[in-house]
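In our numbering, the protein residues as written are 370 to 500.
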């Protein structure tokens, strides 16, 4: 009888260990990757303008800079990642250029599979010089 109890306990420990390993192996969900054109006052954005992705509560979930009139190119990947213990699917993410709202998207599971194209456009009253 004692051997059956010991075997049962070891079997239970083994089952818990395997389940934990499978959950850990799944890891976190892949991030969302975005790219698109950035237009400022009707013209392609200059390089190095800050672009941010924020939840509607204002929390930033991604940030980068413009490059060659856009963002999210292979040279300038723009990633939005789920915050710890949170899944952003179904939430609206707003894109800001120089703190001005330029576009928004509702995240879907399929947005994790490849780049999501989202062009962003803003009008600045005092646009930065150079470019």
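Glycine residues also receive a C-beta, built at the ideal position from the N, C-alpha and C atoms.
| query | Exposed or buried, which one is residue 477 when buried takes at least 16 other CB atoms within 10 Å? | reply | Along the chain shown, read from residue 1 onward, the residue named residue 477 stands at position 108. Result: exposed.
| field | Selected residue, minimal CA-CA separation from residue 364, among 454, 398, 399, 487 | value | Because the chain spans 370 through 500 in this model, residue 364 falls outside it and cannot be assessed.
| field | Reference residue 445, options 455, 433, 451, closest by Cα | value | For the purposes of this step, residue 445 is taken as the residue at position 76 of the chain shown. Checked all of 455, 433, 451; the closest Cα to residue 445 is 433.
| query | Whole-angstrom Cβ separation of residue 400 and residue 448, contact assumed at under 8 Å? | reply | Numbered from its first residue, the chain shown carries residue 400 at position 31. Numbered from its first residue, the chain shown carries residue 448 at position 79. 5 Å between Cβ atoms; contact.
| task | Within 10 angstroms of the Cβ of residue 398, are there 16 or more other Cβ atoms? Answer buried if so, exposed if not. | result | Locating residue 398 in the chain shown gives position 29, counting from the first residue. When all chains shown are included, residue 398 counts as exposed.
| task | Can you give me the start and stop residues for the beta strand (DSSP E) that residue 435 sits inside? | result | Taking the chain shown and counting its residues from 1, one reaches residue 435 at position 66. Counting along the chain, residue 435 falls outside any beta strand (DSSP E), and DSSP gives it neither H nor E.
| said: Can you find the residues in the same chain that come closer than 8 Å, C-beta to C-beta, to residue 416, ignoring five residues on each side of it along the sequence? | reply: Numbered from its first residue, the chain shown carries residue 416 at position 47. Result list for residue 416: 434, 435, 436, 437, 500, in chain order.
| query | Based on Cα-Cα distance, which residue from 471, 479, 481, 420 lies nearest to residue 489? | reply | Position 120 of the chain shown, counted from the start, is the residue given in the question as residue 489. Comparing Cα positions, the closest option is 471.
| Apart from the five residues just before and just after residue 483, which ones in its own chain have a Cβ nearer than 8 Å to its Cβ? | The residue given as residue 483 occupies position 114 in the chain shown. Excluding positions up to five away in sequence, the list reads 402.
| said: Once DSSP output is grouped into helix, strand and coil, what is the label at residue 412? | reply: Along the chain shown, one-based indexing puts residue 412 at 43. Note: residue 412 maps to strand in three-state DSSP.
| field | Inter-residue spacing [alpha-carbon to alpha-carbon] between residue 491 and residue 426 | value | For the purposes of this step, residue 491 is taken as the residue at position 122 of the chain shown. For the purposes of this step, residue 426 is taken as the residue at position 57 of the chain shown. If you take the alpha carbons of residue 491 and residue 426, they lie about 20 Å apart.
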